[in-house]
Every structure is written in C-alpha cells, then in structure tokens.
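Chemist: Have a look at this one before I ask anything.
There are 2 protein chains.
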Amino acid sequence: MNKIIKAKDYSIEFGPLLDSNFQNLLTKNYSNSKKIILVDENTHEFCLEYLITNYAELADAEVMLLPEGEENKVMEVCFQVWEALSEYKVSRKDLIINLGGGVVTDMGGFIASIYKRGIDFINIPTSLLAMVDASIGGKTGIDLGSYKNQLGVFSNPKAIFIDESFLHTLPEEEKLNGFAEMIKHGLVKNINHFKKLVPIEKGKINLDLIYDSVSIKNEIVLADPNENNERKKLNFGHTFGHAIEGFFLESENQLKHGHAVALGILCETYLSYLKGKIDIAIYDFIHQIIISNFELISIREEDYDAIINLMQQDKKNQGNKILCVLLTEIGQCEFDQEISRDEIIEVLKKVLS
Amino acid sequence: MNKIIKAKDYSIEFGPLLDSNFQNLLTKNYSNSKKIILVDENTHEFCLEYLITNYAELADAEVMLLPEGEENKVMEVCFQVWEALSEYKVSRKDLIINLGGGVVTDMGGFIASIYKRGIDFINIPTSLLAMVDASIGGKTGIDLGSYKNQLGVFSNPKAIFIDESFLHTLPEEEKLNGFAEMIKHGLVKNINHFKKLVPIEKGKINLDLIYDSVSIKNEIVLADPNENNERKKLNFGHTFGHAIEGFFLESENQLKHGHAVALGILCETYLSYLKGKIDIAIYDFIHQIIISNFELISIREEDYDAIINLMQQDKKNQGNKILCVLLTEIGQCEFDQEISRDEIIEVLKKVLS
Chain A
31 MNKIIKAKDY SIEFGPLLDS NFQNLLTKNY SNSKKIILVD ENTHEFCLEY LITNYAELAD
91 AEVMLLPEGE ENKVMEVCFQ VWEALSEYKV SRKDLIINLG GGVVTDMGGF IASIYKRGID
151 FINIPTSLLA MVDASIGGKT GIDLGSYKNQ LGVFSNPKAI FIDESFLHTL PEEEKLNGFA
211 EMIKHGLVKN INHFKKLVPI EKGKINLDLI YDSVSIKNEI VLADPNENNE RKKLNFGHTF
271 GHAIEGFFLE SENQLKHGHA VALGILCETY LSYLKGKIDI AIYDFIHQII ISNFELISIR
331 EEDYDAIINL MQQDKKNQGN KILCVLLTEI GQCEFDQEIS RDEIIEVLKK VLS
Chain B
31 MNKIIKAKDY SIEFGPLLDS NFQNLLTKNY SNSKKIILVD ENTHEFCLEY LITNYAELAD
91 AEVMLLPEGE ENKVMEVCFQ VWEALSEYKV SRKDLIINLG GGVVTDMGGF IASIYKRGID
151 FINIPTSLLA MVDASIGGKT GIDLGSYKNQ LGVFSNPKAI FIDESFLHTL PEEEKLNGFA
211 EMIKHGLVKN INHFKKLVPI EKGKINLDLI YDSVSIKNEI VLADPNENNE RKKLNFGHTF
271 GHAIEGFFLE SENQLKHGHA VALGILCETY LSYLKGKIDI AIYDFIHQII ISNFELISIR
331 EEDYDAIINL MQQDKKNQGN KILCVLLTEI GQCEFDQEIS RDEIIEVLKK VLS
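Right, dumping it as structure tokens:
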C-alpha cells in the first residue's frame with residue numbers, strides 16, 4: 031500500500047507506480063480523453079516505454095518531446111506545444127501527463143494551465159528535484175531571458191505519483207540537484223529532517239526521506255498557497271541562487287538549479303550571520319555540509335552588478351527593496367528581510383570569491 | 031452615487047470615473063506601487079490624458095501602447111510587454127490598469143495574470159463590447175493563429191469601472207460591436223432585457239442597459255465561474271461566431287467580434303429551429319433584429335471545410351463532438367448540444383449564402 035499525502039485538492043502518492051492509483055485514475059476519469067505525454071530526452075529514452083507498455087490506456091497517447099535543459103524552459107517551446115495540441119484537436123476534457131524532471135513539470139504544468147484556459151495534468155516526476163520540490167505546490171512557469179520563472183501561474187495537478195525507481199535513470203549529479211532543496215526544507219522548517227540529511231552520502235536518498243521532505247513543503251504550501259506569507263520561507267537560498275543560476279543561464283558554464291540553490295543557501299546563511307541572526311558556528315556547520323556535496327564556484331567582482339541586477343528582479347521584492355529569507359537557527363527563519371547592496375557584495379566576496 | 035455590482039471578490043462600478051472609488055483604491059491600496067497603464071491607439075489618443083490629468087497618482091505611470099486590433103491579440107505582443115515590465119522592474123505589488131476595448135482587457139488581464147504568477151490589474155473598459163462582456167467575468171486570453179482565445183487563464187481584476195462617457199470616443203460601428211453580446215444576454219437568460227433592446231436604434235445604448243446586461247452576465251458567472259455548466263450558455267452565437275471571426279482573421283476582410291457574434295447568433299438560432307427547439311417565427315423575429323443592426327455576409331461553399339475545422343477547435347467541445355448552445359425560447363437555452371457536419375452546412379447555406 032503506497033503512502034499518500036493529501037494536498038489541496040489532489041493527492042501525492044509515494045511508491046511503485048504500478049501499485050498506485052494511476053491506473054484507476056486513467057480508467058475512471060479519463061477513459062474518453064486524449065492523453066498527451068510530455069517527456070524530455072532522458073525520460074523519452076528511459077521511462078516512456080515503461081508507461082506505454084504497462085498502461086493500455088496510454089498505448090495511443092500522443093508523445094511530445096521537450097528539448098532538455100533549463101535554457102529550453104521558454105515561451106518558444108510552449109508555443110510549439112500549444113500549436114501541436116491545437117493540431118491534435120486536444121480539448122478541455124483531455125489530459126496532459128508530465129513525465130520528467132523539473133523543467134518538464136514546471137513547463138508542462140504551465141502549458142496545460144494556459145491551453146484553453148486550463149486542462150487537467152498529472153505529474154510523474156523522475157528527478158529528485160522534481161520529486162521533492164518542482165512538481166509539488168502548484169507553481170508552474172517558464173523563464174524570460176535570465177529571469178527565472180518570470181512567467182507562470184499557480185495551478186495544481188490532478189495527482190502526483192512519486193516512484194523512486196525512476197531515479198535510477200538519472201546520473202548521480204542530477205540526484206544531487208534535488209538534495210539542495212531537501213536541505214533547504216530542513217533548514218527553514220524542520221531540524222529533524224535536516225539532521226537526517228547530514229550523514230547522507232552524496233545522492234543516496236530513499237523514499238522515506240523524499241516523503242519527509244514533501245510533507246514539509248506541502249504543509250507550508252497548504253498554509254499559504256499563493257505565497258503571501260509563510261510560503262516565502264521556501265525561497266531561502268533562492269534570492270542569491272536564482273540570480274547566480276540566471277547569470278550563468280546563457281553562458282557555457284550553466285549551473286544546475288540545485289547547485290545554484292546550494293550556493294545560494296551558503297550565501298544567505300552567511301548573510302544571516304552578517305546581520306546578527308545566527309552564530310558563525312552555524313554557518314561553519316552548514317558550509318561543511320554544502321561543500322561536501324557541491325562544488326564551490328568563483329564569481330568575479332566585475333560581475334557583481336549583473337548579479338545584483340538579477341536580484342532586483344526577484345519575485346519576492348517589494349518596490350525597489352531586495353528582500354531575502356534569513357535563518358535565525360537551524361529549522362527556523364524570517365522572511366521579507368531587506369538586504370543592501372553592500373551586504374550582497376560582502377557576502378559574494380566572502381563565500382564565492 | 032454610482033451603482034455597483036458585486037462580483038466574486040471585486041466590484042463593478044457604473045458611472046463617472048471621477049465619482050467612483052478609483053481614486054480611493056489608488057491611494058489606499060497602491061500608494062507605493064508602480065502603475066502601468068496599457069492602452070491601444072484609440073485610448074492613447076482620446077482617454078489617457080483624462081486619466082493622467084485627473085489622478086496625481088498616475089502622473090508618473092508607465093504607459094504601454096498595444097497595437098490595435100484582434101490580429102494583435104497574440105503572444106508576440108504579450109512577450110514584448112513582459113520584457114518591458116521586467117526592464118521597469120515591475121514587482122508583484124505593482125498594478126496594471128487596462129484602459130481600452132476588449133483586446134486590451136483580454137490581453138492586459140492575461141499579461142498581468144502570468145507575469146510573476148500574477149500581479150493586480152484594474153479594468154477601465156472604453157468600448158461597449160468590453161463594458162458589457164470582455165472585461166467582465168475573469169476570462170483573459172489571446173488568440174493562437176485563427177483559434178480565438180486559445181491561450182488564457184481565468185483571473186479576476188481587482189475592480190472594473192464602467193464610465194459611459196468613454197463611449198463617445200468610439201466610432202458608431204464600434205458601439206454596435208458590443209450590442210450583439212447584449213442581445214445574446216437577453217436571448218439566453220432574460221426576455222425582459224431582450225425586449226428593451228429590440229426598439230433601440232443603432233448603437234444608442236445608455237448606462238442602465240449596460241448595467242442590466244452586466245447584471246445578467248455576472249449572475250451567470252457567479253454561479254459557474256469556470257464554465258462547467260451554466261456559463262456555457264454565454265457561448266450562444268460563439269460556436270459559429272468564433273469560427274467565422276477566426277476564418278476572416280488573417281484576411282483583408284476582418285470582421286469585428288460583435289459582427290461575427292451577430293452572424294453566429296443568427297446561425298445558431300436557425301440551427302435551433304432546424305433541430306426542432308423553436309418555431310420559425312422566433313427565427314424570423316431575431317433575423318429581423320440582427321439584419322437591422324448588422325450587415326449579412328456570404329461564405330462560399332469551398333470555405334465550409336475551413337469553418338468546420340475551426341469549430342472543431344472550440345473550447346466547449348468534448349472529444350471529437352462539436353457542441354453548441356441552442357435556444358428553446360427567447361430567454362432560455364440548452365448547452366452541450368451536439369451538432370453534425372450536415373447541420374452546419376445546411377445552416378451556412380441558408381443563413382450566409
């Protein structure tokens with residue numbers, strides 16, 4: 031019997047897909063619907079056949095291949111999918127299944143939510159990042175130039191199925207990608223989750239830890255779905271993280287989202303110390319965990335302006351103030367904390383020089 | 031004292047803008063927000079100055095000019111606006127004011143609802159069509175090729191202000207554009223409204239009639255905001271209407287939306303007769319009213335396939351069935367009525383030959 035977490039008006043189910051409610055859902059709710067499966071290159075190669083051979087309802091599904099990578103989470107790709115959906119005469123009663131990592135669940139959810147003012151979609155995340163974060167909580171969206179997730183809507187899937195066996199289709203580096211978000215869930219809300227993650231060897235995650243991490247996120251999202259208060263905590267590490275990710279997005283040295291968030295966590299933890307919220311010992315401890323899992327990078331001083339410019343675009347800001355989440359201890363934080371240009375520069379010099 | 035209709039979580043106010051709650055809203059809720067005013071060429075010339083000179087809060091608003099016409103209600107234009115909003119560092123707490131006709135309120139609402147997963151917007155409709163229909167009810171969206179409103183979201187403005195004095199900035203033909211939707215509101219739901227409209231001379235509409243028409247639409251929308259049942263009635267005239275409008279959209283002989291809907295009403299009224307729902311006398315009566323306000327057009331037999339193809343894309347359809355709203359008497363109708371290819375052809379031959 032698979033474990034289930036109840037989200038707002040849908041369920042998140044953990045365990046083998048074949049033991050899940052997926053079959054029942056297809057038969058009961060979508061027997062007369064067209065099914066469209068959105069995949070990326072990896073899931074097209076390693077996961078799609080599993081779905082199609084195990085579910086007769088999906089035998090004649092339309093499969094649409096999205097180009098791999100964050101640099102393709104853009105309007106041009108959505109536009110092509112919308113044109114294809116129109117060509118296939120996909121109607122409001124039909125179903126999109128997002129089979130992939132965070133790019134597929136973010137962009138696929140957005141595509142479904144905008145097409146004909148919204149058709150149903152189901153998320154089957156296949157990367158750790160998508161399992162513990164991207165596919166959960168109803169945030170869908172795409173990037174606009176270097177501005178991460180600048181366009182999107184809040185829109186919930188009809189169900190999420192988390193089957194850890196899909197993780198085996200991924201390279202190790204991709205697993206680490208999601209680990210940063212799990213650490214974040216522990217840091218902002220739950221010291222016990224954080225303690226369980228500390229001794230984990232690089233990328234060795236099990237379903238129980240994923241379940242814990244999703245529980246934390248889901249609890250926060252239920253309390254504040256549209257990010258007016260509590261949910262802002264989940265942006266810890268993302269003020270610096272998104273700016274760093276955006277800065278490298280159009281370069282050759284692209285950073286994985288999780289890698290950028292790990293660096294962002296480090297920066298914002300140091301900032302928390304700098305602003306007198308935590309002791310340096312806490313920073314040192316978190317620093318140790320981050321560097322044992324993620325590689326540090328250097329940002330040149332001449333690029334600080336570009337990074338700060340990206341931070342000014344952050345969705346959490348109000349007016350011209352840059353707002354940030356700061357730790358007050360492990361498992362607790364404060365949001366809407368104003369930070370200055372000088373502080374940002376001091377942090378970058380210390381942490382990413 | 032202006033009249034007010036309460037919609038879901040916002041108000042629709044009727045009367046002079048200067049007597050309205052607009053000033054109060056700007057001062058109270060948006061004093062620290064950037065204001066962006068979206069205009070079209072007509073409102074840029076005739077309405078914008080009125081706003082800017084009367085409201086000190088708008089003196090340094092950013093004004094963005096949208097290209098005129100339905101053929102510009104497309105993603106490319108939205109994309110340019112999103113880039114400009116990003117450049118101006120518009121944040122989640124800022125405000126978009128849509129000052130214009132249906133294209134501006136449809137597209138402006140969409141732009142606001144997608145940007146950073148949604149920022150506040152206010153509609154100040156300046157055309158009759160936008161006042162009685164487009165700006166009301168939370169449907170925002172844009173076209174995709176010939177497919178009308180194929181992309182969009184349900185999203186409500188924070189307020190709507192209907193000031194009939196803006197109608198004087200419009201040519202007569204543009205006023206007629208909204209008249210078709212008013213007739214529709216009468217036909218599908220309220221015989222008294224219809225009776226009041228029958229003797230109206232071309233385009234001579236007053237604020238009381240606008241108020242009545244909006245009341246009817248608002249009542250239907252409140253009962254079924256996401257168009258699962260009752261709201262489908264408002265699509266009367268739009269199965270044929272949208273297909274006809276879409277067919278001519280990329281040609282030189284573009285039809286105004288209201289003109290296409292008037293023709294659609296005529297077609298679907300005849301269809302209602304053809305399927306035994308109403309007497310021919312009702313069709314004849316409605317025919318008389320439509321042709322005394324709108325010009326009939328001819329559709330060539332070789333174009334029927336293209337029209338039917340567009341109808342198959344209609345958002346109301348399920349699977350491969352084309353569904354339509356049919357009148358059962360004046361003021362009443364049935365939705366989700368399946369219609370056949372042969373019936374469509376018979377109607378086009380009779381009504382638009």
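Chains as they are written, first to last, in this note's numbering: chain A, 31 to 383; chain B, 31 to 383. Using N, Cα and C, we set each Cβ at its ideal position, and we do this for glycine too.
Using the Cα positions of B:ILE192 and B:PRO155, report the straight-line distance between them to the nearest angstrom.
Modeler: As a first step, residue 192 of chain B is located in the second sequence; it is residue number 162 there, counting from the start. As a first step, residue 155 of chain B is located in the second sequence; it is residue number 125 there, counting from the start. If you draw a straight line from the Cα of B:ILE192 to the Cα of B:PRO155, it comes to about 6 Å.
Chemist: Give me the Cα-Cα distance between B:ASN339 and A:ALA91, rounded to the nearest whole angstrom.
Modeler: Looking up residue 339 of chain B in the second sequence gives position 309. Looking up residue 91 of chain A in the first sequence gives position 61. Going by the C-alpha atoms only, they are around 22 Å apart.
Chemist: Please say whether A:LEU129 and A:VAL69 have beta carbons closer to each other than 8 Å?
Modeler: Within the first sequence, numbered from 1, the residue matching residue 69 of chain A stands at position 39. Within the first sequence, numbered from 1, the residue matching residue 129 of chain A stands at position 99. Yes; because the gap between Cβ atoms is below 8 Å, this pair is in contact.
Chemist: Name the chain A residues that come within less than 9 Å of B:LEU48, Cβ to Cβ?
Modeler: Residue 48 of chain B sits at position 18 when you count from the first residue of the second sequence. Under the 9 Å cutoff, chain A gives no residues; its nearest Cβ is about 28 Å from B:LEU48.
Chemist: Write down every uninterrupted run of the alpha helix (DSSP H) in the stretch 330-383 of chain A whose length is 4 residues or greater and which is fully enclosed by it, in chain order.
Modeler: 334-341, 371-381
Chemist: Report whether the distance from the Cβ of B:HIS198 to the nearest heavy atom of the ligand FMN is below 7 Å.
Modeler: Ligands are entirely absent from the displayed structure, and the ligand FMN is therefore not among its contents.
Chemist: Can you tell me the Cα-Cα spacing of A:ILE67 and A:PRO46, whole angstroms?
Modeler: By one-based count along the first sequence, residue 67 of chain A stands at place 37. By one-based count along the first sequence, residue 46 of chain A stands at place 16. Straight-line Cα distance between these residues: approximately 19 Å.
Chemist: Quick check on DSSP: helix, strand or coil for A:GLN180?
Modeler: As a working note, residue 180 of chain A is residue 150 in the first sequence. Residue state, collapsed to three classes: strand.
Chemist: Determine the DSSP secondary structure at B:PHE196, reduced to helix, strand or coil.
Modeler: As a first step, residue 196 of chain B is located in the second sequence; it is residue number 166 there, counting from the start. In the three-state reduction of the DSSP assignment, B:PHE196 falls in the helix class.
Chemist: Tell me which residue opens and which closes the beta strand (DSSP E) that A:VAL93 is part of.
Modeler: Residue 93 of chain A sits at position 63 when you count from the first residue of the first sequence. Looking at the DSSP string, the run of the beta strand (DSSP E) that includes A:VAL93 is 92-95.
Chemist: Going along the chain, which residues of its own chain have a beta-carbon closer than 6 Å to the beta-carbon of B:TYR177, five neighbours each way excluded?
Modeler: Along the second sequence, one-based indexing puts residue 177 of chain B at 147. GLN343.
Chemist: Where does B:ASN408 fall in DSSP's three states?
Modeler: A query on residue 408 of chain B cannot be resolved here, the shown segment of chain B reaching from 31 to 383 and no further.
Chemist: Whose Cβ in chain A lies nearer than 9 Å to the Cβ of B:GLY271?
Modeler: Taking the first residue of the second sequence as 1, we reach residue 271 of chain B at position 241. Those do not exist, as B:GLY271 stays about 17 Å from chain A at its closest Cβ, beyond 9 Å.
Chemist: Could you compute how far the alpha carbon of B:GLU373 sits from the alpha carbon of A:ARG147?
Modeler: Residue mapping note: residue 373 of chain B aligns to position 343 of the second sequence, counting from 1. Residue mapping note: residue 147 of chain A aligns to position 117 of the first sequence, counting from 1. In a straight line, the C-alpha of B:GLU373 is about 28 Å away from that of A:ARG147.
Chemist: Provide the residue span of the beta strand (DSSP E) that contains A:SER121, from first to last.
Modeler: As a working mapping, residue 121 of chain A is identified with position 91 in the first sequence. From DSSP, A:SER121 is part of no beta strand (DSSP E); its letter is neither H nor E.
Chemist: Who are the neighbours of B:VAL251 on chain A, taking C-beta pairs under 9 Å?
Modeler: By 1-based counting over the second sequence, the position of residue 251 of chain B is 221. Within chain A, no residue comes near B:VAL251; the closest Cβ sits about 13 Å away, beyond 9 Å.
Chemist: Apply the 10 Å Cβ neighbour rule to B:SER322 and answer buried if 16 or more other Cβ atoms are within range, or exposed otherwise.
Modeler: The residue given as residue 322 of chain B occupies position 292 in the second sequence. Here B:SER322 is exposed, its C-beta having fewer than 16 other C-beta atoms within 10 Å.
Chemist: Counting C-beta neighbours from all protein chains within 10 Å, is the total for A:ALA290 16 or more, i.e. buried, or is it exposed?
Modeler: Walking along the first sequence from the start, residue 290 of chain A turns up at place 260. With 16 or more Cβ atoms within 10 Å of its Cβ, A:ALA290 is classed as buried.
Chemist: Do A:ALA160 and A:GLY139 count as a contact pair if the criterion is CB distance below 8 Å?
Modeler: Here the question's residue 139 of chain A lines up with position 109 in the first sequence. Here the question's residue 160 of chain A lines up with position 130 in the first sequence. In this structure, A:ALA160 does not lie closer than 8 Å to A:GLY139 by Cβ.
Chemist: For A:MET105, is the classification buried or exposed, using 16 other Cβ atoms within 10 angstroms of its Cβ as the cut-off for buried?
Modeler: For the purposes of this step, residue 105 of chain A is taken as residue 75 along the first sequence, with counting starting at 1. Burial call: buried.
Chemist: Pull up the CB-CB distance for A:LYS263 and A:PHE365, whole angstroms please, since I reckon it's below 8 Å.
Modeler: Counted from its first residue, the first sequence places residue 263 of chain A at position 233. Counted from its first residue, the first sequence places residue 365 of chain A at position 335. Confirmed, about 6 Å.
Chemist: Check whether the stretch 205-213 of chain A and the stretch 286-300 of chain A touch, using three or more Cβ-Cβ pairs below 8 Å as the test.
Modeler: Because the criterion of three Cβ pairs below 8 Å is met, the stretch 205-213 of chain A and the stretch 286-300 of chain A touch.
Chemist: Please report the straight-line C-alpha distance between A:GLU376 and A:SER328, rounded to a whole angstrom.
Modeler: Position 346 of the first sequence, counted from the start, is the residue given in the question as residue 376 of chain A. Position 298 of the first sequence, counted from the start, is the residue given in the question as residue 328 of chain A. Their Cα atoms are separated by approximately 14 Å.
Chemist: Does any residue of chain A have a CB that is nearer than 8 Å to the CB of B:ILE144?
Modeler: Residue mapping note: residue 144 of chain B aligns to position 114 of the second sequence, counting from 1. Interface residue, yes.
Chemist: How many Å lie between B:PRO97 and B:ASN72 at the Cα?
Modeler: Reading the second sequence from its first residue, position 67 is the one you call residue 97 of chain B. Reading the second sequence from its first residue, position 42 is the one you call residue 72 of chain B. Annotation: B:PRO97 to B:ASN72 spans about 10 Å, alpha carbon to alpha carbon.
Chemist: Which partner residues does A:SER41 have in the DSSP bridge list?
Modeler: As a first step, residue 41 of chain A must be located in the first sequence, where it is residue number 11. Beta-bridge partners of A:SER41 (DSSP): A:LYS36, A:ALA189.
Chemist: Residues of chain B with a CB under 7 Å from the CB of A:LEU181: which are they?
Modeler: For the purposes of this step, residue 181 of chain A is taken as residue 151 along the first sequence, with counting starting at 1. What A:LEU181 touches in chain B: TRP112, ILE144, TYR145.
Chemist: What is the DSSP secondary structure of A:ILE316, reduced to helix, strand or coil?
Modeler: Mapped onto the first sequence, residue 316 of chain A falls at position 286. Helix.
Chemist: Kindly say whether B:MET105, judged by its beta-carbon, lies nearer than 8 Å to any beta-carbon of chain A.
Modeler: Against the second sequence, residue 105 of chain B aligns to sequence position 75. With 8 Å as the cut-off, B:MET105 counts as an interface residue toward chain A.
Chemist: Could you check what DSSP says for B:ASN219 in three-state terms: helix, strand or coil?
Modeler: Taking the second sequence and counting its residues from 1, one reaches residue 219 of chain B at position 189. A small fix is needed here, since residue 219 of chain B is Lys in this sequence, not Asn. Note: B:LYS219 maps to helix in three-state DSSP.
Chemist: Looking at chain A, is there any beta carbon in it that lies within less than 8 Å of the beta carbon of B:ASN62?
Modeler: Taking the first residue of the second sequence as position 1, residue 62 of chain B is located at position 32. Cβ-Cβ to chain A under 8 Å: yes for B:ASN62.
Chemist: Provide the residue(s) that pair with B:LYS65 in DSSP beta bridges, ordered along the chain.
Modeler: Along the second sequence, read from residue 1 onward, the residue named residue 65 of chain B stands at position 35. Partner(s): B:LEU125.
Chemist: Looking at chain B, which residues of the stretch 123-155 of chain A have a Cβ within less than 8 Å of any of its Cβ atoms?
Modeler: Result list: LYS123, SER143, ILE144, TYR145, LYS146, ARG147, GLY148.
Chemist: So the candidates are B:LEU279, B:ASN84, B:SER165; which of them puts its Cα closest to the Cα of B:SER41?
Modeler: Reading the second sequence from its first residue, position 11 is the one you call residue 41 of chain B. For B:SER41, the nearest C-alpha among the options comes from B:SER165.
Chemist: What residues in the stretch 153-178 of chain A bring their beta carbon closer than 9 Å to a beta carbon of chain C?
Modeler: Chain labels in this structure do not include chain C; the protein chains are A and B.
Chemist: Chain A partners of B:LYS345, CB-CB under 8 Å?
Modeler: As a first step, residue 345 of chain B is located in the second sequence; it is residue number 315 there, counting from the start. Simply SER121, ARG122, LYS146, ARG147.
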